[in-house]
Amino acid sequence: MKRIVMLNCLRANSVCTGAACLQAFNAKTKTFARYGDEPLELVAFFRCNGCDAPQDDAGMEEKIERLLQLRPDAAHMGVCIRRKADGTRCPTIQKVADRLAAEGVVLVDGTH
1 MKRIVMLNCL RANSVCTGAA CLQAFNAKTK TFARYGDEPL ELVAFFRCNG CDAPQDDAGM
61 EEKIERLLQL RPDAAHMGVC IRRKADGTRC PTIQKVADRL AAEGVVLVDG TH
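Each residue of the sequence shown is one higher than the one before, starting from 1 at the first, in UniProt numbering.
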């Protein structure tokens, strides 16, 4: 069974229900189609700290450590973490993603 975490934007979540991410996960469509018939478990629906510097936020460090304790196989980064202007990842989420990748977690762009 693959253990999945989703990384999402705190600011975007103020106007987002998360329904599209969860529907794609449950139906194994969009970026979750890659898993085929393999069983999946959503172990975390992570939100950043709202554009604050993650290195200055003890709570953020705790969240990252908690994610790593869950031993996820993959981290899907929601479409909300992309900057509209240039399509780059949010720098806060990028730092989280880098930490996860350093521990062997596969990074996947997109959820729905």
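The beta-carbon is built from N, C-alpha and C at its ideal position, and this holds for glycine as well. In this text, all values refer to a predicted model and were calculated from it rather than measured experimentally.
What would DSSP say about residue i, mapped onto helix, strand or coil?
i: N8; result: strand
i: V108; result: strand
i: K2; result: strand
i: A27; result: helix
i: R47; result: strand
i: E38; result: coil
i: R66; result: helix
Pop quiz: residue i and residue j are said to be a contact at Cβ under 8 Å. What is the actual Cβ separation, rounded to whole angstroms?
i: G78; j: T29; result: Between T29 and G78 the Cβ distance is about 15 Å, and since that is not below 8 Å, they are no contact.
i: D73; j: V106; result: 6 Å
How would you write the range of the alpha helix (DSSP H) that residue i sits in, first residue to last?
i: A102; result: 91-102
How far does the beta strand (DSSP E) with residue i in it extend, from its first residue to its last?
i: A75; result: 74-77
Thinking C-beta only, is residue j closer than 8 Å to residue i?
i: C9; j: C48; result: yes
i: L40; j: A75; result: no
i: R11; j: G50; result: yes
I'd like to know if the segment 1-17 and the segment 44-53 are in contact, where contact means that at least 3 CB-CB pairs between them fall below 8 Å.
yes
Three or more beta-carbon pairs under 8 Å between the segment 58-66 and the segment 15-31, yes or no?
no
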